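So in my numbering the end of the sequence shown lands on 293, straight run, no missing numbers.
Taking it in order: structure first as structure tokens, then the write-up.
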Amino acid sequence: RSRSQIRLTQAGELLLERAREILERVDQTEREVMRIGQGVAGRLRIAFVGTATFGVLPNIIRAFRAAHPDIELALSAMNNAELRRALIQREIDVAVARPSIEDAEVKSETLMKEPLVLALPDSYANHEQPFHLADFKNATFVLFPRRPRPSYADYVLDVCKVDGFVPALQVMAQDYLTAMSLVSVGVGISVVPASVSENQRPGIVYRKYEGHNPGTELSLNYRRDNRSPHLFGFLELARKIARASHSGSPV
């Protein structure tokens, strides 16, 4: 302080600068909280089974990212048992499962229903006659996942039983990718959702078959008590895209 004016000391200037920074951060935090509450910013955690990476789900993810660029999508792949545990323990917001997750705390809805098809070694590429599932009763069935059980593997075995047989030889793969790798090198055949045929990889051909084909459902699962606007926005968009998609229609 002088006779003509009052000046801040160095300590006072530093304190003023820090106070301004704090106020700016408080204001920024308030704006971010408001944006999150309005569903225009934040984070949404989505986990899915491996076979969901084809078909309608990638379209939903792309559309959601385009519509909500400020919402971070945390994506991860899990089996159904892991999806159920993560959803119950609030580690994820959405579980894209096959089939749906059965739990009182979880709400499920069908995202798409699609037929089953055969995944065959490419030695069948020139086979022109219609395939029947029972034609492969003596073939090696590559099933997945190995654990936990019951799983999609048991679902496929039930389909075979309705058609009057149990595969004579079974190879259990830990996941879908491993199963397809085994098919591609001629270890055996597999029964997969039709959308998987979008993944054209060397060594595999996909074919429709005649016989019992109940199809398979891909489901959206989320906690009943999750009131997140991000979740509601994702569900609304997913329903819209699923309705518009014809790739999952039964054939």
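We treat Cβ as the ideally placed atom computed from N, Cα and C, and that holds for glycine.
Quantities reported herein were computed from a predicted structural model and do not represent experimental measurements.
- Beyond the five residues adjoining it in sequence on each side, L175 comes within less than 6 Å, by CB distance, of D205, Y251 and G253 in the same chain, given in chain order.
- The region 148 to 231 is shown to contain whole beta strand (DSSP E) runs of 3 or more residues at 148 to 156, 158 to 163, 182 to 185 and 211 to 214, in chain order.
- Remark: C-beta atoms of A167 and M222 do not approach each other more closely than 9 Å.
- Between the region 223 to 238 and the region 151 to 159, the count of C-beta pairs closer than 8 Å reaches three or more; the two stretches touch.
- At a Cβ-Cβ threshold of 9 Å, R87 and V136 count as neighbours.
- Listed as beta-bridge partners of Y251 by DSSP are no residues whatsoever.
- For V91, no pairing in a beta bridge is given by DSSP.
- Within its own chain, the residues whose Cβ lies closer than 7 Å to the Cβ of N241, once the five positions on either side in sequence are excluded, are F96, listed in chain order.
- Secondary structure at G257: coil, using DSSP grouped into helix, strand and coil.
- DSSP, reduced to helix, strand and coil, places E144 outside both helices and strands of the structure shown, so it counts as coil.
- For F178, same chain residues with a beta-carbon under 7 Å away, outside a window of 5 residues either side, are I231 in chain order.
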